[in-house]
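Chains as they are written, first to last, in this note's numbering: chain A, 1 to 378; chain B, 1 to 407.
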């Protein structure tokens, strides 16, 4: 990334070599073939915790290092290159963000240090249908004498099989589509009435469908004020999208590098196929797109760090552009590799499958185009 | 760091007070109109005065060496100067009156010119006194520029030049022209080319304007019949013109990355978003009524933003190093795509009103949109076409093996 500080550049180098040596795509393949229900390797996750990456945005008082989202993006990009599977994004970035911004002192004390050292996994449960639609949340939390009672289902919950706690976005007032009346609750996975079912997806990660059957929680389980969780949810989702976009940039950059490498080594008709202009121009087009995407991802992360006013639109821009580029390059990865790209033995398919899962998470391109236009007032 | 910051702030203060004393208020905010070639009435003479003052200060070419008439500023100071110009509603009129002098010829002379050439040409460019044209393309040498055939013969005390150049922008009112000529017909085609600088004020050079699909254009055909070039006007070594000429093209690409203003595209002064609302209407919630158009418009605006952010990122990465960057090719391609798409959307939004050619029944914005849309088609052709830029990216940035693709 551009104009990184010395610390960020060092971290990038560290993350790159660690991912390449300790958590490469071969290890992801091993995990996939083992049938691991969590969708990540526990030892890999523990190493990530030891290196302190899960505490990158967590304040020092709660066991983190608090060095910002651009720094987090640097790490996520490198892990995205190797398809390194871990709850780093879901727990260390997304859940931590919600807790830092909306958690009570007690909640922060209880969860943030454990998130930072990877001994606990917390994840956001927001979506209820096949498409990301936070404004249409219907999942109900009813007020009781001592707190709230949660009933409903959340789907496609990242790291849902391994989470120790969920941050659940629920409706406490208003009607779906309102965009107001949302409250966030921190619910432990072992609470009575919480059931989870594994969703086996093409990208072999640890998604779950989580059902809450009249789960009773005290008022202290609220994250932020009741009925006013919309802003907190939006801010959390924007940081989630920017972080995800950094991971996508890594996955896309690696797809591009693999393709470029093939163009320089594969010989047909007695010459390297990279000498064919029809292929060279496609590579040039992808490269141009990659540069544009990098600028958007970095701008979003920097906007978050500097508290810029246009953070929401930059996060939508980053997620949308990263989605478009990843979509394009993952298809070219297969096409340019030809037959070998179609084999499961080769890694291209792993990147293609992961690409689509990432695109669908927290708003696809259409979602973010619509949001961008709305934010810009048309 | 803190000291550097203070020094920069001090410089800003100096710029502000100089602008307050020297920038004519009548010109405030009229840069776009003036640079776009519109007549601005009585402010015209103020514009001349302003150009003279800016040129005398060296600030029309802020980073060029002061000993030749440039501003002698650092990149940081130059950026601060630009910001202050913007803030004051001021602009640099000499970029236009110097033709290709400031953007391309000057930087190349500074790099390859002899001391004598720098003394004679640079300060005149800094003051905006000489309009420079360039003669590169020929009727049979476009993308394959190295096959050019305009001939220069050594006749002892000067060169005699015969042949034709085309797409010589502004040649009809240029005072000087830089041309690529063939000085060796036996050598491989790239090794027999030289770069000559020629005084346009001679009978042996004639120009004829070219009318384009969008109407009148700055482009000309230029004919050389026993034209004369002085011996001391060869830029770089004999037969090394390809290297000099390519370097100049890099400066050209840099000026077409969209980083500098005035790249036009559709000639309209209204934002695309406002035009969309005016012509396509909005629904009860303020959204564009046409959902398909809204989505495509948004995709375009995202592309435009991404391009802008990329210019900013690459500038930040260069950390004040103004060397011509390899990224110029990707930025040029992105710029032409974004601006052409913008022009296409503009006329699509305007519907039948976006197809007026002249006369009654169309607003000036509508007429400008049509002309801008048509003339903008040239952006992906000149300065190395879209395809040539892709060749350059493939070869120079990605390191792909060369076949017939050349940059």
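Glycine included, C-beta positions come from ideal geometry on N, C-alpha and C. Note that the structure is a prediction, hence the values are computed from the model and not measured.
query, result
"Residue 406 of chain B (DSSP reduced to helix, strand or coil)", "Low confidence applies to residue 406 of chain B: its pLDDT is 47, below 50, so where it sits in the model is not reliable enough to give any reading."
"For residue 44 of chain A and residue 86 of chain A, believed in contact at Cβ under 8 Å, the rounded distance", "6 Å"
"Beta-carbon proximity check, residue 236 of chain A vs residue 141 of chain A, cutoff 7 Å", "no"
"Cβ-Cβ separation, residue 62 of chain B to residue 81 of chain B (assumed contact under 8 Å), whole Å", "5 Å"
"Expected contact under 8 Å - CB spacing of residue 198 of chain B and residue 171 of chain B to nearest Å", "About 11 Å; that fails the 8 Å criterion."
"Contact between the segment 267-281 of chain A and the segment 217-229 of chain A (3+ Cβ pairs under 8 Å)", "no"
"Inter-residue Cα distance where the pair is residue 147 of chain A and residue 186 of chain A", "12 Å"
"Segment contact flag, the segment 204-213 of chain A with the segment 153-162 of chain A, C-beta cutoff 8 Å, min 3 pairs", "yes"
"Below-7 Å beta-carbon distance, residue 348 of chain B vs any chain A residue", "no"
"Counterpart residues of residue 209 of chain A in DSSP-defined beta bridges", "A/197"
"Start-to-end residues for the beta strand (DSSP E) that takes in residue 154 of chain B", "151-154"
"Start and end residues, alpha helix (DSSP H) containing residue 50 of chain B", "43-57"
"Complete runs of the alpha helix (DSSP H) confined to the segment 65-103 of chain B [at least 4 residues]", "75-87, 94-97"
"Where the beta strand (DSSP E) through residue 162 of chain B begins and ends", "158-166"
"CB contact check: residue 114 of chain B to chain A, cutoff 7 Å", "no"
"Chain B contact for residue 378 of chain A (CB, 7 Å cutoff)", "yes"
"Neighbour list for residue 341 of chain B in chain A, Cβ cutoff strictly below 9 Å", "Under the 9 Å cutoff, chain A gives no residues; its nearest Cβ is about 14 Å from residue 341 of chain B."
"Distance CB(residue 290 of chain A)-CB(residue 256 of chain A) smaller than 7 Å", "yes"
"According to DSSP, residues forming a beta bridge with residue 220 of chain B", "B/209"
"Spatial neighbours of residue 191 of chain A in its chain, beta-carbon cut-off 6 Å, leaving aside the 5 residues before and after", "215"
"Cβ-heavy atom distance, residue 302 of chain B to the ligand GDP, below 6 Å", "Among the components of this structure there are no ligands whatsoever, and the ligand GDP is therefore not found."
"Residue 239 of chain A and residue 304 of chain A closer than 7 Å at C-beta", "yes"
"Contacts that residue 390 of chain B makes with chain A (C-beta to C-beta distance below 8 Å)", "280, 281, 284, 285"
"Bridge partners - residue 271 of chain A, DSSP secondary structure assignment", "A/268"
"Chain A residues whose Cβ lies nearer than 8 Å to that of residue 402 of chain B", "275"
"Interface residues of the segment 287-317 of chain A facing chain B [CB-CB below 8 Å]", "287, 288, 291, 292, 293, 294, 295, 296, 298, 299, 317"
"Cα-Cα separation, residue 224 of chain B to residue 301 of chain B", "45 Å"
"The segment 124-134 of chain B touching the segment 44-57 of chain B, judged by at least three CB pairs closer than 8 Å", "yes"
"Range covered by the beta strand (DSSP E) that runs through residue 367 of chain A", "Here residue 367 of chain A belongs to no beta strand (DSSP E); instead the alpha helix (DSSP H) covers 365-375."
"Whether residue 248 of chain B touches residue 274 of chain A by CB criterion (7 Å)", "no"
"Cβ pair residue 154 of chain A, residue 125 of chain A closer than 7 Å", "yes"
"Enclosing alpha helix (DSSP H) for residue 251 of chain B [first to last residue]", "241-255"
"Straight-line gap, residue 16 of chain B to residue 84 of chain B (C-alpha atoms, nearest Å)", "7 Å"
"Partner residues on chain A for residue 295 of chain B, Cβ-Cβ distance less than 7 Å", "369"
"DSSP beta-bridge partners of residue 301 of chain B", "Per DSSP, none; premise fails for residue 301 of chain B."
"DSSP state of residue 459 of chain B mapped onto helix, strand, coil", "Residue numbering for chain B in the displayed model covers 1 to 407; residue 459 of chain B lies beyond these limits and cannot be assessed."
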